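Numbering-wise (our numbering), the sequence shown opens with residue 2 and increments by one. Glycine residues also receive a C-beta, built at the ideal position from the N, C-alpha and C atoms. Since we're looking at a predicted model, the values are computed, not measured. The structure appears below as structure tokens.
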Amino acid sequence: MIFGDKVKKIDTYVKKGKSAKIIPLLMDRKKEVRLTAIKALGSIGNDHCVNNLLLLLGDPDPEIRRQTAASLGDIGKDVCKTHLQSRVKVEEDESVLAAMHDSIMRISAKVGYVK
């Protein structure tokens with residue numbers, strides 16, 4: 002399957018809510034496929050999505066961590082906020098930190114309080 006086909010497949014999987022088909026693409030060799038998969042899981046937002054995205058907060062690539070933080074903010078669950086707050090303490094990349102703070106604030110607004 003070539004790059005464009007994978008991205009198209011991800012779009013199809015999102016429309017059908019098939020996170021299990023997207024999760025393996027989180028480890029694809031192509032960064033764009035990985036980023037698209039991360040965004041897609043943020044759109045679906047079920048527990049399997051959350052669990053797999055949380056693992057990516059420790060990825061060596063800051064762009065992957067930044068998109069993961071944004072997707073967790075899109076999901077908006079309190080568990081996402083808790084993990085983001087933990088990771089803020091150890092994250093060094095400014096763009097990732099900005100995405101984490103933004104997501105924490107979006108989740109706080111969604112659940113109705115700020116911790």
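- Cβ neighbours of L36 within its own chain (closer than 8 Å, five residues either side excluded): E64, I65 and Q68.
- Where L56 is concerned, the enclosing alpha helix (DSSP H) starts and stops at D48 to L57.
- Put simply, the backbone Cα of G113 is about 15 Å away from that of I76.
- Setting aside the 5 residues that flank it on each side, I105 is surrounded in the same chain by K82, L85 and Q86, each with a C-beta closer than 7 Å to its C-beta; the list follows chain order.
- In this structure, L42 sits near L54, with a CB-CB distance shorter than 8 Å.
- Within the model, the alpha-carbon separation for D48 versus V80 is close to 10 Å.
- Here D29 has R35 as same chain residues with Cβ atoms under 6 Å from its own Cβ, once five neighbours each way along the sequence are excluded.
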